[in-house]
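Here is the structure we will look at.
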Ligand code: PMP
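In the UniProt record's numbering, the protein residues as written are 2 to 404.
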């Protein structure tokens, strides 16, 4: 008899269960389009050369110790991270009202940020896009938010944003509702608001006194251009919003398991900064005490060296270009096969994901008959495609649709 005999089995996490199933599949033609991680042209994980270079320097540096970092992490990292997000000459930085806190990757930043908003500002309602990254709901509820709501985002018919629905839902949100906004490369749809649409979103959020919580998991990785991918966040700062933003270095640095992230906070003046930092310190202290150093040192070294920074920018350009080429290739193959439907959305979407429009039945067919692994929502990770498998995948999609 165990005290845990009554513990019920929890549901599997779809993306990890799918990954395992794919790993266990012995078919040589299998293709993993599930988990959101970059793969190179040979289908292999890629350690960015600039990361390897810095790690080698670190390994040779006998002065580097394994002492604790401060509770809020490495300042050279969090300062550089905020500069990368806002642009280094952003007045919010020079005015001392923007600052960062090192966190356990993007998820940790969401968690710490949400707990601060709940505990210290008393916010209890949050809105996330329908659909969104599946973890937003759980992270916010675990942070103390009691009222989860969705705003409309995706229009199945047009395969683009349902902007009228989105704006209407925000208009009906209560004051101080926290609105989770994907900074760029919306996961899972790959479709971002246009600049005019962002302006309308900002108008309503200002009028209704809603609080923007940006989630930036793909800066630079989406378009290949760091500034372009930060446009929405910078626009909201320029309009005078107070906001927070979760930054992840999992994808753009390929540092998935090093858990390098930052919570950027922008206030309207510098007066409360010290108090806010002290309260965030207590939140982190009670949750995991302090963050790990390795990944943050790597990122800080790169962001603070003009030469390494340029090398890194070349890497993110290489990754985003390869993704774009694979989008073009998949669409071209589907057209060649006369696959029913319009496939323009594959090249219009940005970031690593494409929301294909495949139905759960077609997804099941692809997994069972063709050993091609993708989420039930029809989301595929474009990085899983390469010149050796894109024809196979297109034929399989054609088969799933025409069967
Ligand atoms: N937000 C979004 C939208 C994401 O896609 C991800 C990564 N899948 C994250 C946050 C956070 O990931 P991580 O904690 O690995 O940085």
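Virtual Cβ for every residue (Gly too), placed ideally from N, Cα, C.
Same chain, Cβ closer than 6 Å to residue i, five either side skipped, listed in chain order
i           : result
residue 280 : 121
residue 313 : 51, 303
residue 214 : 179, 181, 245
residue 109 : 262
residue 111 : 140, 247
residue 101 : 79, 82, 83, 263, 265
residue 309 : 51, 303
Residue i, enclosing beta strand (DSSP E) - first and last residue
i           : result
residue 99  : 99-105
residue 262 : 261-267
residue 182 : 179-183
residue 247 : 244-249
residue 236 : Here residue 236 belongs to no beta strand (DSSP E); instead the alpha helix (DSSP H) covers 232-239.
residue 292 : Premise fails: residue 292 is in no beta strand (DSSP E) and is neither H nor E.
Residue i - DSSP class collapsed to helix/strand/coil
i           : result
residue 192 : coil
residue 60  : helix
residue 129 : strand
residue 205 : helix
residue 156 : strand
residue 198 : helix
residue 149 : strand
residue 378 : coil
residue 355 : strand
residue 20  : helix
residue 212 : strand
residue 161 : strand
residue 277 : helix
residue 253 : coil
residue 33  : strand
residue 217 : strand
residue 120 : helix
residue 270 : coil
Contacting residues, own chain, Cβ-Cβ under 8 Å from residue i (five flanking each side not counted)
i           : result
residue 238 : 87, 91, 93, 99, 244, 267
residue 125 : 119, 145, 146, 147, 148
residue 227 : 85, 220, 221, 314, 317
residue 338 : 395, 396, 399
residue 15  : 135, 376, 377
residue 278 : 73, 100, 102
N-terminal and C-terminal residue of the alpha helix (DSSP H) that residue i is part of
i           : result
residue 4   : Looking at the DSSP string, residue 4 is not in any alpha helix (DSSP H), and its letter there is neither H nor E.
residue 296 : 295-304
residue 307 : 307-337
residue 141 : 137-143
residue 170 : 164-172
residue 393 : 391-403
residue 95  : 92-95
residue 349 : 345-349
residue 362 : 361-371
residue 84  : 76-87
C-beta atoms of residue i and residue j nearer than 7 Å
i           : j           : result
residue 271 : residue 114 : no
residue 144 : residue 262 : no
residue 401 : residue 334 : no
residue 390 : residue 69  : no
residue 170 : residue 163 : no
residue 230 : residue 223 : yes
residue 301 : residue 75  : yes
residue 2   : residue 20  : no
residue 378 : residue 191 : no
residue 383 : residue 328 : yes
residue 380 : residue 194 : no
residue 233 : residue 174 : no
residue 137 : residue 128 : no
residue 154 : residue 167 : yes
residue 372 : residue 30  : yes
Residue i at chain B interface by Cβ criterion, 7 Å
i           : result
residue 102 : No chain B appears in the structure shown, which is made up of a single protein chain.
Beta-carbon proximity list for residue i, same chain, < 7 Å, skipping 5 on both sides
i           : result
residue 322 : 225
residue 365 : none
residue 344 : 332, 335, 336
residue 257 : 38, 251
residue 176 : 209, 210
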